[in-house]
Amino acid sequence: MTRIRLLFILTIFISSLAFGQSDKKKELKTELIGAWEFVELRDAQENKIDTIWHNVPVPGVNKKSYEIPKGPLLTYKSDGTYSKQFTPKNTDTGKWYYDKNKKAIIQMLYYSKPYGTAAQYLIDKGHASKDENGEYYEVITDEVIELTEDKLIILEREGRQRTFKKKK
């Protein structure tokens with residue numbers, strides 16, 4: 286009888302600890318809500334980058350392409366949705382939250398139907414996740430280096446830092 290009573294008390298104690306608890310690492314960080322304009326891109330040594338060079342993987346050809354850093358325009362909404370506008374005709378959309386343990390913005394980039402070649406490839410290879418409605422998305426994590434009311438710095442590949450200012 287004593288064991289049952291001890292087990293009952295322990296169960297109530299554990300239940301009371303869990304009651305009302307939420308996943309505090311996931312939140313919509315209010316400082317992020319709004320539109321963010323690209324300011325500049327810097328390398329790991331803090332040098333400003335005006336051009337990013339890429340090797341184009343074409344068999345038998347050593348070809349380079351380049352990218353002029355101009356964006357994107359980031360918009361984080363209070364309903365948990367976001368958009369990344371690279372050009373007027375190229376905008377990613379999905380859901381977002383801020384993971385305070387990782388100090389990162391977690392974005393679920395949803396694929397539009399009919400799926401394009403790249404999206405279908407990621408789905409087929411198992412790199413995309415499926416939500417409860419059967420929609421596929423890709424998880425993108427942006428590590429936040431600095432966040433104030435009007436400035437956002439995100440860490441990218443190769444130690445690059447992309448700086449944004451909040452649109453007024």
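Numbering (the numbering used here), first residue to last: 286 to 453. C-beta: ideal position from N, C-alpha, C; glycine also. Please read these numbers as outputs of a predicted model, since none were measured by experiment.
Close CB contacts of K362 within its chain, under the 7 Å cut and outside five residues either way in sequence, are with I318 (chain order). When C-alpha distances from E443 are compared across A329, I334, T402, the shortest belongs to A329.
When DSSP states are grouped into helix, strand and coil, D409 belongs to the helix group. Contact annotation: K380 and V429 have beta-carbon atoms that are not nearer than 7 Å. Cβ-Cβ separation between V324 and K452: approximately 11 Å, too far for a contact (criterion under 8 Å). With fewer than 16 neighbouring CB atoms inside 10 Å of its own CB, W338 falls in the exposed class.
CA-CA distance, R445 to R327, rounds to 6 Å. The closest CA to that of K398, considering only K349, Y422, N332, H412, is found on Y422. In the displayed model, A329 falls within coil according to three-state DSSP, outside both helix and strand. Of the residues I334, S414, K415, I425, the one whose Cα lies closest to the Cα of D377 is I425. The C-alpha of Q392 is placed about 17 Å away from the C-alpha of I408.
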